[in-house]
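Reading through the structure tokens given below for one structure.
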Amino acid sequence: MRVAIIAVFVDYHRRGAHHRGAMQPQIGPLIAALLPDWCEVEIINDTWEDPDWSKHYDLVILSCLHADFDRARQIGHYFARRGARTVLGGAMASDFPQLCLPYFDAVVVGDPEDTIPRIAEDARRGRLQRLYRSQATGLDDVPTPKLAPIAHKQMFPLAVEASRGCPYTCDFCVLTARGRGHVPRPVAHVVRDIVAGKAALRQAGVPGWKERLLVLYDNNLAGNLRWFRDLCLALKPLDVLWGACLTFNVIANRELLKLMYDCGCRAVFVGLETFNPAALADMCKPQNNIGKIEQAIAQSRDEGILVIAGLMISAINDDASYIRSLPERLKASGLHVPSFISFETPIPGTPLFQRLLAEPDPQFLPHANLYDFSSYTLVLQPRRSPLAEFLEAYRDTMKQVYAPTRRLSKLAHDLPRLLKRGSWTAAALDIGDMCGIAFDPVAGRTFAAGTDRLPAERVPFTADDFATEAERLDICSPTQVTDEDGRVLDAWRRRPASVVVETSYKNRIAA
Ligand code: B12
Ligand code: SF4
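Going by the working numbering, the sequence shown opens with residue -3, and the numbers climb by one from there.
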């Protein structure tokens, strides 16, 4: 059985470009490891390259985040017309299966470990069910991901998940809605996967220095501090230099930073989110401490660990003058340049989204489509400044923060300190990060839902791909979230407690 695993991506900068950055989706190597041997598997990360549109598959397994859903259903339809059965899993499928079901043969809620082997078997027997729900509780069954197929399609191909979920409950986060908490994998399994991953990459011809650079793809690697310490100690003998996402409490803890450096940590991503205490309280993120940002960043750097951080602008709590104060605040904090400044976004299904639904309209901008919920387009009415003023402040600030001179002065500040500690890898990562980011919006970007430029990605449909014009419109029109008055459409108001499984998508196409 020919199987394609496609991690769908839509460029949130609206250029239609691929995103060949340091972080790449890891669902492909995981699902590939779960498929039986009789499957001939191809992994396609849409972040890296387009699918080969000339190919035919028996089964196409797609994964997408919410904002990428339109492209997922278009790619699914394209390959379905060419004989494939299609299955969607991932964030959007898990949160809103009822909205996905009309467009795919099957939809999966939750993890792949106990669903993918069943799906493969059912597809082989021609008995694919409409909806699969993972019943997995622990993570003991997570297999060693198959890294060889992505060995040359990822900047840092040694990539492993050590845990899933997060113990925190930030209001805007999709994990909070799922309520899973933090689930660590057995440390011995993580070690097993790293050792096997290194061997697979070596065999695939990955250079030795690259094979030592490990990215841990957790939401929050330090979600359980006892387990995290054990993991660090277990990583030490593996001779890897690693990076991971984790939370502020870790970089505020100097003893932990020393241990991490000693065990190979060279960079961490932390969601700093905001310098505005009201916004932080509203985000329900008590693990951050605005008063300690400068100290935490400085001590991490002095210990040889680069802090890469993201900031969010809140339409609820920030005004234009706060946005304009960001360059100064960033300089004073010692961060200088964050890896992104995006909008706090109520992704459908999150507590923030549910909370705003309960408040009087209009909270949202009119004509917001699901692709606008990527965090790089504003979907909310700013409460503390007029929309035009808010967005002008955003644009001016982005230009200032990402100006080449700023990026250079960040490096001039960071590099001597990192090198003093002998942390060459962190210094190189800092240079790479600063070379890779710029603010250079494509013509026509307004950054506001309803008026912003459309995503540029295209699926090369032919006229034969649609039985009727109504079908073409159904597949190719954007998924709407709000109406012309900024009211959220009813489909998004229902949490998917029960899912009605009706006619198969394939039958619908055949009809
Ligand atoms: C790599 C990554 C990226 C990459 C690639 C994104 C992509 N399209 O895949 C880049 C850098 C482009 C990116 C960008 C952003 N990201 Co990101 N990213 C990640 C990260 C760190 C790893 C994803 C991953 O590979 N995980 C490991 C794989 C194995 O698991 P998974 O994909 O999460 O899938 C799990 C389930 O969903 C399920 N599953 C997934 N697909 C399928 C398919 C089938 C068939 C089945 C059965 C199961 C299944 O199985 C997995 C195990 O449970 C996650 C954090 C994390 N640890 O997951 C955040 C995460 C996905 N990103 C997130 C966010 C917020 C963003 C940004 C908004 C950040 C920003 N401000 O720039 C942007 C915009 C994203 C967008 N389009 O809306 C959020 C979620 C957003 C969402 N809509 O759900 C996450 C969860 C981080 C977080 N905790 O907030 N990101
Ligand atoms: S700390 Fe990060 S991963 Fe955890 S709930 Fe908050 S935003 Fe989500």
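Just so you know, even glycine gets a beta-carbon here, dropped at the ideal spot from N, CA and C.
Shown here, Arg160 sits in a strand according to DSSP, grouped into three states.
By the criterion of at least three beta-carbon pairs nearer than 8 Å, the segment 102 to 110 is not in contact with the segment 351 to 362. When the Cα atoms are used, Ile39 and Arg16 turn out to be separated by approximately 15 Å. Nearest Cα to Lys281 within the set Leu210, Leu154, Cys162 and Lys406: Cys162. Approximately 6 Å separates the beta-carbon atoms of Leu268 and Leu307; this is inside 8 Å, confirming the contact. One Cα belongs to Val179, the other to Asn220, and the distance between them is close to 9 Å. At a cut-off of 7 Å, the beta-carbon of Asn215 counts as near the ligand B12: some heavy atom of the ligand is closer than that. Under the rule that a run must span 3 or more residues, the beta strand (DSSP E) segments found entirely inside the segment 325 to 355 read 336 to 339. Taking 7 Å as the cut-off, the C-beta of Phe336 counts as close to a heavy atom of the ligand B12. Counting of Cβ neighbours within 10 angstroms places Ser473 among the exposed residues, the total staying below 16. In this structure, the straight-line span from the alpha carbon of Arg81 to that of Leu55 is close to 5 Å. In this structure, the CA atom of Phe271 is about 6 Å from the CA atom of Ile286. Fewer than three pairs of CB atoms, one per stretch, sit closer than 8 Å, so the segment 369 to 386 makes no contact with the segment 65 to 82.
Following the DSSP letters along the chain, one finds Arg129 inside the beta strand (DSSP E) bounded by residues Leu127 to Arg129. In this structure the segment 164 to 180 lies against the segment 339 to 346, because at least three pairs of beta carbons, one per stretch, are closer than 8 Å.
Taking all protein chains in view, the Cβ of Arg454 is surrounded by fewer than 16 other Cβ atoms within 10 Å, so the residue is classified as exposed. Sequence-distant Cβ neighbours of Tyr213 in its own chain, meaning closer than 6 Å and more than five residues away, are Gln22, Ala155 and Glu157. Per DSSP, the continuous alpha helix (DSSP H) segment holding Arg77 begins and ends at Phe65 to Arg77. In this model, Leu352 and Ser371 are separated by some 16 Å (Cα to Cα). The DSSP assignment places 273 to 279 and 289 to 298 as complete runs of the alpha helix (DSSP H) inside the segment 272 to 319, in order along the chain (cut-off: 4 residues).
Looking only at Asp470, Asp426, Thr464 and Thr475, the smallest Cα-Cα distance to Leu450 is reached by Thr475.
Every beta strand (DSSP E) stretch that sits fully inside the segment 163 to 247 and reaches 3 residues is listed by chain position as 178 to 180, 209 to 212 and 237 to 241. Residue pairing of Ile2 in beta bridges, as defined by DSSP: Ile40 and Leu58. Straight across, the Cα-Cα distance linking Pro145 with Pro182 is about 25 Å. With the rule of 3 Cβ pairs closer than 8 Å, the segment 27 to 37 does not count as touching the segment 65 to 72. A distance criterion of 7 Å places the beta-carbon of Gly175 beyond contact range of the ligand SF4, judged by its closest non-hydrogen atom. Taking the CA atoms as reference points, Ala311 sits about 21 Å from Leu485. Shown here, Thr401 sits in a helix according to DSSP, grouped into three states. DSSP, read as helix, strand or coil, puts Gly85 in strand. Contact between the segment 416 to 435 and the segment 250 to 264 is present, with at least three C-beta pairs closer than 8 Å. Rounded to whole angstroms, Asp410 and Arg402 show a C-alpha spacing of 12 Å.
DSSP places Cys261 inside the beta strand (DSSP E), whose first and last residues are Cys261 to Glu269. Approximately 6 Å separates the beta-carbon atoms of Met88 and Cys60; this is inside 8 Å, confirming the contact. Taking C-beta atoms as the reference points, Ala422 and Leu302 count as a pair closer than 8 Å. Within the model, the alpha-carbon separation for Arg441 versus Arg10 is close to 8 Å.
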